[in-house]
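2 protein chains.
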Amino acid sequence: MVVISPKLDHILEALEQAATLEGLQTASEALCAHYELAHVVYHWVDSAGDQYGCGTYSVAWQERHLDQNYLRTDPVVSGCYQRFHPVDWKRLDWSSKAARALLLEAIEHGVGNQGFTVPIRGPNGQFALFTVNNTCSDSEWQVFTEANRRDLILIAHYFNQKALEFEPGRTPETSQALSPREIDAMTLLAIGYSRAQVANTLSISEHTLRVYIESARFKLGALNTTHAVARALSRGLIVV
Amino acid sequence: MVVISPKLDHILEALEQAATLEGLQTASEALCAHYELAHVVYHWVDSAGDQYGCGTYSVAWQERHLDQNYLRTDPVVSGCYQRFHPVDWKRLDWSSKAARALLLEAIEHGVGNQGFTVPIRGPNGQFALFTVNNTCSDSEWQVFTEANRRDLILIAHYFNQKALEFEPGRTPETSQALSPREIDAMTLLAIGYSRAQVANTLSISEHTLRVYIESARFKLGALNTTHAVARALSRGLIVV
DNA sequence: GTGTACCCCACCATAATTGGGGAGTTGGAA
DNA sequence: TTCCAACTCCCCAATTATGGTGGGGTACAC
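Keeping their order, the protein sequence lines are chains A and B.
First residue of the first sequence: 1, per the numbering used here; consecutive thereafter.
First residue of the second sequence: 241, per the numbering used here; consecutive thereafter.
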């Protein structure tokens, strides 16, 4: 593996000009060649089964990964989920048997023994991973990751920005604004108050409070109070 | 305002070496001087009153901002909450009267008329903003932001990384992981299913479901189901 | 000055949720 | 092996939430 100082501008510009998912695919392959890596992968992690990603992993491995309940098994996914900073695979927790089995299987599918993954988070709990990996020694890998850490963070950011553009359906819902009282009500409910407590806190009757909750539920298209609070939260209308 | 190509390495290294919150404060002042900006602010947004941040805003304005119920009023906060990419203040929604009043008041407190804010998200629903702002013309500001966009993203990233290091108490074991079934239950509740529907969907008895909900409630330290769902959402344990 | 959106209060009855018990299986980790 | 966490099931009674309907008031914009 040769460490090359990347032409970051070119890479990011190519990413910015990508107009489709295929463009991202091409970009990841270009990145892979540029850095002389085994794999470069962007992967939108989503509880609803996998779906969205691109990169140079083999199709067989991607499918296998899905089958494996990887969301809960793969230390890369669960480890990154709890971290903010990019992480070298060596520093993850491989103590569980399932995790080690997954790694062995990955290597059989052509995944390198060294990996470096950047967690990325977007609105509404969106979560994605940007991974580079290769087969090489620990020291070689360390040199590479330290040299390119910042670039990789930026590349990950741009990948995710594009992915969010291409999949707007995930963050849509131009939501109708809530009135101040409705926001009060939703907020207090979200922090665990019962209806009686909320009414008391707002110094209004419980009946009045109910009107607000129903109104908020209507505006949010929610089926019940919990749903309304969940929507208000994930749309950023209230913050807890 | 003069646009200077930043010595990014020096800036980021200084950030990495910061050992305390004061270090970040110093870093933001240095950044401010370096880019010749009116203000540079890192701001951990948290519903529990404000608390954590650093930067060059006047103390008076910070306190005023808090008083103002800024979480709901400030378009910078609410707008960034729904975006992934950095955003120029001009592109936010200033149509509400309260928002415009806030901006006017901000300018009176020495905040510049131009702003650029990078949203940053960490584990467990952590959310923060990194803002640079200045008083200048639209075109000057555009030149500045386009020239420094990538650097600002990286700087924001490093600020947040440090903030997370300094304040581990906010994210650590606070959030105990939920079991798969608990996640299922919380997720379905968050999308509006009633208990009966959830139980039916998961093909378990409603009584069993109740055990999961109670267990999740306990793990999340929640007072009731709505609270539990809200916490699971804002900690990023479930996605809707 | 008519509409619209917000704010406040009341009754009824039914449906749903919660809190307190107890009990058994499995599979993986120590 | 033993332990533990996760998964599954059950009862009862009390509390809470919901779905209707009705009424009043203010403020602002067109």
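We put the CB at the ideal spot given by N, CA and C, even for glycine.
Taking CB atoms only, H397(B) has a neighbour in chain A less than 7 Å away. Assignment of beta strand (DSSP E) within the region 122-201 of chain A, counting only whole runs of 3 or more residues, yields 127-134 in chain order. Under a 10 Å Cβ-count criterion, K162(A) is classified as buried, with 16 or more other Cβ atoms of the shown protein chains found around its own Cβ. Between the region 110-124 of chain A and the region 24-33 of chain A, the count of C-beta pairs closer than 8 Å stays below three; the two stretches do not touch.
Here H283(B) is bridged, per DSSP, to G293(B), L369(B). With its beta carbon less than 7 Å from one in chain A, V480(B) belongs to the interface. Listed along the chain, the chain B residues whose CB falls inside 8 Å of the CB of L233(A) are A470, L473, S474. Annotation: D184(A) to S379(B) spans about 40 Å, alpha carbon to alpha carbon.
Around the Cβ of D249(B), a 10 Å sphere holds fewer than 16 other Cβ atoms; the residue is exposed. Within chain A, the residues placing a beta-carbon under 8 Å from that of G362(B) are F84, R121, ordered along the chain. In the structure shown, V240(A) falls within a coil segment according to DSSP collapsed to helix, strand and coil. In the structure shown, F84(A) adopts coil according to DSSP, grouped into three states. Boundaries of the alpha helix (DSSP H) harbouring L102(A): 97-108, taken from the DSSP string. For R235(A), there is no enclosing alpha helix (DSSP H), as DSSP marks it with neither H nor E. When CB distances to chain B are screened at a threshold of 8 Å, the residues of the region 214-228 of chain A falling below it are A222, L223, N224, T225, T226, H227, in chain order. The beta-carbon of G53(A) is placed no less than 7 Å from the nearest beta-carbon of chain B. Put simply, the backbone Cα of G263(B) is about 28 Å away from that of F116(A).
Taking 7 Å as the cut-off, the beta carbon of A278(B) is found no closer than this to the beta carbon of N388(B). At a cut-off of 7 Å between beta carbons, Q257(B) makes no contact with chain A.
Three or more Cβ pairs closer than 8 Å define a contact, and the region 290-303 of chain B falls short of that threshold against the region 390-397 of chain B. Shown here for A258(B): same chain residues with a beta carbon closer than 7 Å to its own, the five before and five after excluded, namely L264, A267, K402 in chain order. By the C-beta density criterion, D333(B) is exposed, having fewer than 16 other C-beta atoms within 10 angstroms. Apart from sequence neighbours up to five positions away, the residues of its chain that approach Y433(B) with a beta-carbon distance below 8 Å are T441, ordered along the chain. Sequence-distant partners of N400(B) (beyond 5 residues in either direction) whose C-beta falls short of 7 Å from its own C-beta, in its chain, are I360, G362, A368.
Burial state of S318(B) is buried, judged by a 10 Å Cβ sphere holding 16 or more other Cβ atoms. DSSP places V111(A) outside both helix and strand once states are collapsed to three, so it counts as coil. Of F130(A), V76(A), S95(A), Q82(A), the smallest CA-CA separation from W89(A) is found for V76(A).
Contact residues of the region 376-397 of chain B toward chain A are R390, I393, L394, H397 (C-beta to C-beta distance below 8 Å). Each of E105(A), Y212(A), W141(A) was checked against the Cα of R91(A), and the nearest Cα belongs to W141(A). In the structure shown, T357(B) falls within a strand segment according to DSSP collapsed to helix, strand and coil. By the criterion of at least three beta-carbon pairs nearer than 8 Å, the region 447-465 of chain B is not in contact with the region 336-352 of chain B. Contact check for G236(A) and Y321(B): beta-carbon distance about 4 Å, within the 8 Å limit, so the pair qualifies.
In the structure shown, S28(A) adopts helical secondary structure according to DSSP, grouped into three states.
Among the residues facing chain B, G192(A) is included, as its CB has a counterpart in that chain under 7 Å away.
Chain A has a Cβ within less than 7 Å of the Cβ of L404(B). A distance below 6 Å between beta-carbons, with the five flanking residues on each side excluded, links F406(B) to the following residues of its chain, in chain order: L261.
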